[in-house]
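In the working numbering, the protein residues as written are 5 to 144.
Glycine included, each C-beta is placed from N, C-alpha and C at the ideal position.
Report on the following structure.
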């Protein structure tokens, strides 16, 4: 199990079940913390305890690094569980979009997203990800 926690959010990745769970509130600032997709080494396994990079102002670098590492492992099936993710800002939506675009580019993983229709932002935002990855399965 790989975990990243902030003051208002928790990200975990169950390596055996291939489930990424994100809960809480992702309202960090800016995109300074993003890792560029093409800067990451390919086929590098996710570490058991990713270390957040404190020099990144955006705070999303550890999350993006974990998502990239998972994508580069090319799992056949992957589930992203955001049912308990209460709120996201545009920077968080950007990170999800980049992750989905990477999966589309790699052509190796079927992504299923578990969402919660009671959370106002999820239905429209998650449906928009299907434009980037038409094979994406959404379950509300």
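**OP:** Can you give me the start and stop residues for the alpha helix (DSSP H) that residue 88 sits inside?
**Re:** First-last for residue 88: undefined, no H or E at that position.
Subject >> Residue interval of the beta strand (DSSP E) (run including residue 13) >> reply: 13-18
Subject >> Pair within 7 angstroms by beta-carbon distance, residue 130 and residue 117 >> reply: yes
**OP:** Decide if residue 47 is buried, meaning its Cβ has at least 16 other Cβ atoms within 10 Å, or exposed.
**Re:** At residue 47 the pLDDT is 47, less than 50, meaning the model places this residue with poor confidence and gives no usable figure here.
Subject >> Integer-rounded CB distance, given that residue 119 should sit under 8 angstroms from residue 142 >> reply: 6 angstroms
Subject >> Proximity winner among 24, 18 and 29, relative to residue 94 (alpha-carbon distances) >> reply: 29
Original post:
How long is the line joining the alpha carbons of residue 17 and residue 114, rounded to whole angstroms?
Top reply: 16 angstroms
Subject >> Any C-beta of chain C under 7 angstroms from that of residue 74 >> reply: No chain C is part of this structure, which consists of one protein chain only.
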